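Be aware that the sequence shown starts at 4, since it is given in our numbering, and climbs by one per residue. Glycine included, every Cβ here is placed at the ideal spot set by N, Cα and C. None of the values given here were measured: they were computed from a predicted structure.
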Amino acid sequence: GVQQLSPTIMFEQPTPRAVTAHVMEHIAICSPVQVRSLQVRHDEVACNLSQANAMPSSAVELQSSAQDKLWVCMLHGEAADAQLMELMMSITRWLDVLSDFIKFSFIDAPHGCIAKPDLHATTFARGIYDIDKQYKTWLSENSAARETTLATSVKHVEHFIKYHSTATRDAIGGICQGSSVAGCIAARNAQFAFYLNFCGPPLYKELFEKELFTELELPSLHVLGDNDELLTRAELYDLPARCRFATTCRHSGGHVVPMLHGPLKFRVLEFMRSKVGIAATTAELSLQGLPARDPMISTVSEDSEPEPSFDSMQ
Numbered sequence: 004g005v006q007q008l009s010p011t012i013m014f015e016q017p018t019p020r021a022v023t024a025h026v027m028e029h030i031a032i033c034s035p036v037q038v039r040s041l042q043v044r045h046d047e048v049a050c051n052l053s054q055a056n057a058m059p060s061s062a063v064e065l066q067s068s069a070q071d072k073l074w075v076c077m078l079h080g081e082a083a084d085a086q087l088m089e090l091m092m093s094i095t096r097w098l099d100v101l102s103d104f105i106k107f108s109f110i111d112a113p114h115g116c117i118a119k120p121d122l123h124a125t126t127f128a129r130g131i132y133d134i135d136k137q138y139k140t141w142l143s144e145n146s147a148a149r150e151t152t153l154a155t156s157v158k159h160v161e162h163f164i165k166y167h168s169t170a171t172r173d174a175i176g177g178i179c180q181g182s183s184v185a186g187c188i189a190a191r192n193a194q195f196a197f198y199l200n201f202c203g204p205p206l207y208k209e210l211f212e213k214e215l216f217t218e219l220e221l222p223s224l225h226v227l228g229d230n231d232e233l234l235t236r237a238e239l240y241d242l243p244a245r246c247r248f249a250t251t252c253r254h255s256g257g258h259v260v261p262m263l264h265g266p267l268k269f270r271v272l273e274f275m276r277s278k279v280g281i282a283a284t285t286a287e288l289s290l291q292g293l294p295a296r297d298p299m300i301s302t303v304s305e306d307s308e309p310e311p312s313f314d315s316m317q
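And the structure:
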């Protein structure tokens with residue numbers, strides 16, 4: 004029969020690290036059919052993680068029930084979809100850690116795309132990436148149609164935000180190709196609270212010049228891997244260089260959504276809290292051995308041993 008994760012996994016494992024190890028081990032031994040069963044149930048697992056982590060765990064993780072949650076629209080990468088992006092951010096604990104004050108929403112790109120397992124080696128190896136599935140993309144591979152498909156994608160996302168936002172304040176983010184499109188939309192919507200970039204490539208200058216900027220005025224958070232296997236350091240830093248109020252958080256992984264833990268976790272929390280008016284104090288940060296920094300200009304490097312991550316989607 005199909006092996007399934009227990010809904011009470013968080014209470015059966017002693018630490019979040021142990022939960023992650025258990026999930027990754029389960030994924031590694033599952034057949035593709037079993038993995039699809041796991042994918043269907045990932046929301047149930049994430050719910051239990053959220054409930055367990057709602058209990059006080061450190062001084063820096065204060066509750067923010069009195070505050071409005073920010074609504075963040077997240078754009079997947081090339082040859083992917085909203086479901087896969089949500090799964091990645093759930094297993095790497097971004098949804099759980101930020102659940103007190105951030106509501107993430109995931110949207111499919113409007114254009115069809117064949118599967119590209121070479122862009123998703125880790126998820127493909129674990130049976131999560133389906134080579135027989137029709138995925139989505141934000142830009143056409145046909146150079147003559149790229150500008151048209153970009154314009155359609157921008158309108159598609161802006162319409163989604165207008166009619167699906169559940170908060171008084173919105174933000175936008177994305178990964179790789181989706182991050183470049185999110186940057187384009189952020190430049191057109193100055194009211195956004197921030198822009199979140201996971202390893203976005205350099206902007207497609209021939210396409211974005213009309214829409215983008217020499218300097219993005221919004222606060223922005225850039226999560227970049229020191230061992231990115233798809234982009235050079237210069238390419239990774241093209242987007243942050245265009246952002247006036249950029250917080251750059253480095254981690255020791257590659258072109259991935261990194262596990263949200265350690266120093267990276269606390270810097271991300273610091274940035275996000277500042278957007279909802281809840282800033283960790285110097286005393287609270289010192290309990291974690293972290294210096295207080297201005298979240299608008301800080302750079303943090305995650306030098307500890309990386310925990311399991313999923314490949315990002317280009």
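* Cβ pair Pro-266, Phe-248 closer than 7 angstroms -> Translated into positions along the sequence shown, residue 266 becomes position 263. Translated into positions along the sequence shown, residue 248 becomes position 245. Not closer than 7 angstroms, so no.
* Rounded straight-line distance, which links the Cα of Val-279 to that of Tyr-138 -> Residue mapping note: residue 138 aligns to position 135 of the sequence shown, counting from 1. Residue mapping note: residue 279 aligns to position 276 of the sequence shown, counting from 1. Those two C-alpha atoms are separated by around 34 angstroms.
* Locate the alpha helix (DSSP H) running through Leu-199, then write down its first and last residues. => Counting from one through the sequence shown, the residue named residue 199 turns up at place 196. Unbroken run through Leu-199 is the beta strand (DSSP E), 198 to 201; no alpha helix (DSSP H).
* To the nearest angstrom, report how far apart His-123 and Ile-105 are at their CA atoms. => Reading the sequence shown from its first residue, position 120 is the one you call residue 123. Reading the sequence shown from its first residue, position 102 is the one you call residue 105. Distance between the alpha carbons of His-123 and Ile-105 is about 27 angstroms.
* Cα-Cα separation, Ile-94 to Val-259 -> Mapped onto the sequence shown, residue 94 falls at position 91. Mapped onto the sequence shown, residue 259 falls at position 256. Looking at the two C-alpha atoms, the distance is approximately 12 angstroms.
* Residue range of the unbroken beta strand (DSSP E) whose run includes Ile-110 -> Counted from its first residue, the sequence shown places residue 110 at position 107. Looking at the DSSP string, the run of the beta strand (DSSP E) that includes Ile-110 is 105 to 110.
* Starting from Trp-97, trace the alpha helix (DSSP H) both ways and give me its first and last residue. => Here residue 97 refers to the residue found at position 94 of the sequence shown. Start and end: 97 to 100.
* Hey, how far is the Cα of Glu-238 from the Cα of Leu-90? -> Here residue 238 refers to the residue found at position 235 when the sequence shown is read from its first residue. Here residue 90 refers to the residue found at position 87 when the sequence shown is read from its first residue. Straight-line Cα distance between these residues: approximately 26 angstroms.
* Beta-carbon separation (whole angstroms), Cys-246 vs Arg-270, contact threshold 8 angstroms -> Stepping through the sequence shown from its first residue, residue 246 is reached at position 243. Stepping through the sequence shown from its first residue, residue 270 is reached at position 267. Their Cβ separation, rounded to whole angstroms, is 16 angstroms, which puts Cys-246 and Arg-270 out of contact at 8 angstroms.
* Pull up the DSSP beta-bridge partners for Pro-222, would you. => The sequence position of residue 222 within the sequence shown is 219, counting from 1. Note: Pro-222 sits in a beta bridge opposite Phe-248.
* How would you write the range of the alpha helix (DSSP H) that Ile-134 sits in, first residue to last? -> Indexing the sequence shown from 1 puts residue 134 at position 131. Element bounds for Ile-134: n/a, residue is neither H nor E.
* To do: Can you tell me the Cβ-Cβ gap for Lys-228 and Cys-202, rounded? I've got them flagged as a contact below 8 angstroms.
  => Against the sequence shown, residue 228 aligns to sequence position 225. Against the sequence shown, residue 202 aligns to sequence position 199. At residue 228 the sequence reads Gly, which differs from the Lys that was named. With a Cβ gap of about 6 angstroms, Gly-228 and Cys-202 count as contacting.
* Asked: Out of curiosity, what's the CA-to-CA distance linking Ile-164 and Ser-183?
  -> Your numbering for residue 164 matches position 161 in the sequence shown. Your numbering for residue 183 matches position 180 in the sequence shown. Roughly 17 angstroms between the two C-alpha positions.
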